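S.K.: Following this message is one structure expressed as structure tokens.
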Amino acid sequence: LYPQVSESELQEETHGEVVRSPEHTDWGCLTVLLPDPAVAGLEVCGKDGAWAPVRAAAGSLVVNLGDLLPLWTRGRWVA
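The sequence shown begins at 86 in this note's numbering and counts up one residue at a time.
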């Protein structure tokens, strides 16, 4: 697991500039996340192209499907 880092720690380490990852798909098969409900940031893009925040219940897991899965499922599951 990655260690927890607060927003203030990020700003301190980067001298006030916090850099985020731009929109992307995951290149692997799948990624399992244990989200912190108090920390926002993960969003998903729907079929209509609209972005929505992932709201996971406390203690639940979020599974991201990666770019390999559409290849293995002939497009049935998409990243």
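Glycine is no exception: its CB is placed at the ideal position from the N, C-alpha and C atoms. Treat the numbers as computed from the prediction; the structure is a model and nothing was measured.
Could you give the distance in angstroms between the alpha-carbon of L95 and the alpha-carbon of S106?
M.R.: On the sequence shown, position 10 is the one that residue 95 refers to. On the sequence shown, position 21 is the one that residue 106 refers to. Their backbone Cα atoms lie some 14 Å apart in a straight line.
S.K.: To the nearest angstrom, how far is it from the Cα of G144 to the Cα of P120?
M.R.: Walking along the sequence shown from the start, residue 144 turns up at place 59. Walking along the sequence shown from the start, residue 120 turns up at place 35. Looking at the two C-alpha atoms, the distance is approximately 8 Å.
S.K.: Start and end of the alpha helix (DSSP H) containing V155?
M.R.: Residue numbering aside, residue 155 sits at position 70 when the sequence shown is read from its first letter. The displayed chain sequence assigns Pro, not Val, to residue 155. L153 to W157 is the span of the alpha helix (DSSP H), which, as asked, contains P155.
S.K.: Looking only at its chain, what residues have a beta carbon closer than 7 Å to the beta carbon of P141, apart from the 5 residues adjacent to it on each side?
M.R.: Within the sequence shown, numbered from 1, the residue matching residue 141 stands at position 56. The residue asked about is misnamed: residue 141 is Ala in this sequence, not Pro. Closer than 7 Å at Cβ, skipping near neighbours: P120, P122 and V147.
S.K.: Could you have a look at L95 and say whether DSSP puts it in helix, strand or coil?
M.R.: Position 10 of the sequence shown holds residue 95. Here L95 sits in helix by DSSP.
S.K.: In this structure, how does DSSP classify L146 when only helix, strand and coil are distinguished?
M.R.: Stepping through the sequence shown from its first residue, residue 146 is reached at position 61. If DSSP states are grouped into helix, strand and coil, L146 belongs with coil.
S.K.: Does DSSP classify P175 as helix, strand or coil?
M.R.: This structure leaves residue 175 out entirely; the chain is present only between 86 and 164.
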